[in-house]
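Here the structure is laid out as structure tokens; the discussion comes afterwards.
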Amino acid sequence: MSDLSSGQRIQDRLRQFNQRRQENEDWRKYQSWHLNSTTVSLNVAKAWSAGYTGKGVLVAVVDDGVNKDHPDLVSNLNFKASYDFLSNRRENANHNSDSHGTQCAGIIAGGNNTKCGVGIAFESQISSIRLYDETINRYSTDELEAKALSFKRDMIDIYSNSWGPGDRPFEVEGPGSQLRDVLYNGTRLGRKGKGSIFVFAAGNGGVLSDSCAYNGYVNSVYTIAISGVNHDGTIPAYAEPCASIMAVTYGQDMFRYGKYIPPVVTVKGSAGCTEKFPGSSGATAMASGIIALALQANSNLTWRDVQHIVVRSSQPIRPAKKVRSASRSRPIWTENAAGLKTSSSSRVVIRSHENSRFTLTLRHTDCGIRYLEHVQAEINLQFPRRGELEMVLTSPGRTESKLLYPRVMDTYAGFQNYTNLQVTSLAYWGEEPTGDWKITIGKARKRWRTNNNRKGRIFGLKLILYGTKKDPLAENYHVHRNIKKVKVVNIDRRKREIPIHGGYSWWSYWGECSEKCGKGTQKRYRKCTNPPPENNGRDCKGPSEDLRSCRGYRCPVDGGYSQWTKWSNCNVECENGTQERRRSCNSPRPRFDGKPCVGSNKDERSCSSHAECQKRVCGNIASPTSCQRHFDDGMCSNPSVRRMCRKTCGLCPVCANIATEKLCQKYFDDGLCSNPSMRGMCQAKCGLCPVCKNALTDSQCQKYFNDGSCSESWVKKACRKTCLSC
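All letters in the sequence shown, in the order written, are residues 0 to 725 by numbering that gives the first Met the number 0.
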């Protein structure tokens with residue numbers, strides 16, 4: 000608080016806020032479960048009562064845009080600090096109004112009114128920095144990310160990033176060279192030298208066994224990585240494990256486990272509200288709002304001060320009761336050598352006969368750091384299936400931290416290398432680094448049944464330490480080094496704090512048709528028991544009964560034939576034959592003792608192919624109209640037209656002369672008609688029409704047939720009848 004009068008005004012506004020909320024009990028209870036100072040919460044209401052609402056702090060929502068028209072955001076949106084880098088113009092409404100960034104902005108700075116849930120820093124300013132748009136498949140680039148996270152760095156205090164490289168558990172991605180420079184320079188030049196605060200979501204790839212250890216944005220020492228935790232202290236299905244997560248905030252899981260799904264209320268679209276915003280995006284926005292409250296309390300905090308505050312003020316918790324579902328794991332808390340609590344969703348398990356161990360020794364003469372902050376390992380290696388590998392780092396104080404996690408999809412994707420991969424751990428915060436550091440790399444235990452004799456090569460390992468020579472807390476009387484005890488979440492009390500909205504069970508099976516024979520109706524039902532409404536929660540919405548028409552077939556159904564198929568082709572060419580058609584007894588098929596179909600399912604008739612044969616030989620293959628048009632256009636000289644329009648073009652080659660009459664007469668006079676090619680071109684003159692009969696005499700053809708000469712082409716043509724080739 001800057002003065003008593005401003006603090007009094009804030010208290011008056013808070014009283015008005017609470018009075019309005021009392022009039023709308025439902026919305027008030029939505030907020031209370033994680034904002035009020037209950038058993039375990041974010042203690043936001045306590046900060047509000049002390050007069051801290053984010054006033055004077057500017058938070059940039061770096062996302063897919065913020066809807067400027069929403070009544071909960073319009074008064075807090077700073078247009079001077081907003082920009083649409085995707086379209087390269089000042090931020091405006093020419094994008095999807097129902098944006099992801101709008102929901103993040105509502106959690107950070109939603110208005111203090113009865114419209115939607117109040118934002119954590121409801122008097123802070125927000126700016127909209129549009130970087131991507133999934134609805135039109137346009138994504139950020141290194142250049143755009145660098146411009147976005149350096150935009151108005153003197154004005155903007157916090158860059159809230161509820162996005163990342165994606166949840167594809169076979170990729171290793173991180174900031175490009177331009178953004179790496181921006182993150183480095185932002186912590187030195189931003190906020191007029193105090194350093195920009197970069198908050199990043201840890202990702203939602205937990206359901207795909209992804210790990211944020213392979214996310215370069217999260218592993219940067221200049222960012223604050225945030226994930227989420229369920230209302231009962233269990234780990235959400237979306238959460239990705241890695242040692243670089245600095246803290247978690249409360250949020251919604253992606254799936255329902257039991258009946259408790261506490262709402263996360265925020266804005267939606269151009270004027271709406273929602274109570275569903277699962278994943279690490281909402282958790283990251285909550286963290287940005289909380290940091291905004293801290294910056295209002297002390298605007299001189301540097302970017303490293305903020306990181307120390309997050310480390311020292313975060314509350315370690317664990318569920319009070321045993322988690323029944325294997326899908327909802329419990330965090331495992333350990334204490335590092337500096338007395339700080341760290342957690343991981345899985346313990347270190349590497350079998351000794353399947354790993355390689357390396358020891359790096361640090362002495363006082365090697366390193367001037369006495370109080371650690373970030374620890375990074377840089378790895379270069381090759382392994383036939385890199386997704387099978389795990390890596391563990393053990394400090395001189397015997398604190399273990401898992402740096403690399405196995406990934407199933409990465410194993411089967413065929414990737415083999417890690418090149419200059421930098422993985423960060425915060426588990427050693429406050430420890431003294433002198434002594435032996437041990438790195439263990441090996442194959443994951445009991446993950447996949449693959450060849451255990453696979454071998455790889457490690458080309459380089461580097462340990463990078465960040466910290467201070469002097470104790471950063473030596474002159475800070477606000478912070479003490481007492482070890483925090485793990486507090487137990489009182490689930491029974493939490494039940495009374497959270498409104499449970501009614502949910503319908505699955506629909507029952509459709510009942511029997513009201514008519515056993517003919518048209519009728521049938522019903523199905525559902526009950527408001529999944530879960531039943533509790534603690535002033537809303538009742539189930541929608542009907543509990545459904546009706547549809549049906550037809551009862553519990554009576555004799557006589558069989559009926561389907562339509563006849565088309566007649567098949569004649570079974571012979573150029574002679575008399577037969578063709579058939581069929582039908583099936585399925586329209587309807589006989590059921591419930593009904594009579595079978597009467598009559599045959601097969602029909603047969605005689606057919607003759609002579610006309611078609613003649614049409615192919617001396618007729619028009621194309622239509623008469625088309626052939627007449629070709630004839631009129633003088634196209635009969637074209638070989639393809641001659642073949643299709645033999646009748647119209649007058650060029651039937653069966654019993655006529657293909658060559659000119661004069662040339663054929665010359666061949667005839669010269670006695671060349673015995674030549675097969677001459678016979679073929681001068682059939683009328685040579686008198687040897689070979690269609691469906693023998694051009695030579697029957698006795699000659701019989702002789703060729705007996706001698707096996709029918710394989711010769713000219714014999715086959717001259718003796719078609721005998722050689723059976725017509």
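Cβ coordinates follow ideal geometry from the N, Cα and C atoms, glycine included.
Considering only Cys685, Lys151, Asn42, the residue with the shortest C-alpha distance to Phe78 is Lys151.
Phe197 and Ile157 have their C-alpha atoms some 6 Å from each other. With respect to the 8 Å criterion, Asn570 and Gln578 are classified as neighbours on the basis of their beta carbons.
The alpha-carbon separation between Ala412 and Phe169 amounts to approximately 7 Å. Residue Ser81 holds the alpha-carbon nearest to the alpha-carbon of Val65 among Val56, Gly53, Asn203, Ser81.
Contact between the segment 398-405 and the segment 331-343 is established, with three or more Cβ pairs separated by less than 8 Å.
Per DSSP, reduced to three states, the secondary structure at Trp436 is strand. Separation of Ile223 and Ile331 (C-alpha to C-alpha, rounded to the nearest whole angstrom) is 21 Å. One thing to note: Thr564 has its Cβ no nearer than 8 Å to the Cβ of Arg537. When the beta-carbon positions are compared, Ile457 and Ser355 come within less than 8 Å of each other. Put simply, the backbone Cα of Ala120 is about 6 Å away from that of Leu292.
For Tyr404, no alpha helix (DSSP H) encloses it, and the DSSP letter there is neither H nor E. With three or more CB-CB distances shorter than 8 Å, the segment 365-381 counts as touching the segment 458-467. CA-to-CA, the gap between Ala286 and Arg179 works out to about 23 Å. Counting C-beta pairs closer than 8 Å gives fewer than three between the segment 265-285 and the segment 412-421, which falls short of the contact rule.
One alpha carbon belongs to Thr113, the other to Lys267, and they sit about 15 Å apart. Going by C-alpha positions, His99 is about 49 Å away from Lys518. Inter-residue distance for Asn203 and Ala238 is about 6 Å (C-alpha atoms, whole angstroms).
Per the DSSP secondary-structure output, Leu464 pairs in a beta bridge with Val374. Within the same chain, and ignoring the five residues on either side of Cys115 in sequence, the residues whose Cβ sits closer than 7 Å to its Cβ are Asp71, Gly105, Gly109, Val264, Thr265, Val266, Cys272.
When the beta-carbon positions are compared, Glu90 and Ser127 come within less than 8 Å of each other. If the five residues before and after Leu420 are omitted, its C-beta is found closer than 6 Å to the C-beta atoms of Ile378, all from its own chain and listed in chain order. It is roughly 11 Å from the alpha-carbon of Ser543 to the alpha-carbon of Gly502.
Here DSSP, grouped into helix, strand and coil, assigns Glu133 to helix. From the listed residues Met408, Thr423, Arg362, Ser424, the smallest Cα separation to Pro432 is found for Arg362. Boundaries around Gly679 are those of the alpha helix (DSSP H), 675-680, since no beta strand (DSSP E) includes it.
CA-to-CA, the gap between Asp470 and Tyr370 works out to about 6 Å. Assignment of Trp162 by DSSP, reduced to helix, strand and coil, places it in the coil class. In this structure Gly215 is not in contact with Val247, their Cβ atoms being roughly 20 Å apart against a cut-off of 8 Å. For the 8 Å CB-CB criterion, Asn299 and Lys193 form a contact. Counting along the chain, Asp180 sits inside the alpha helix (DSSP H) bounded by residues 176-188. CA-to-CA, the gap between Ser48 and Asn42 works out to about 10 Å. In terms of CA proximity to Val310, Ile244 leads the group Ile244, Gly232, Arg384.
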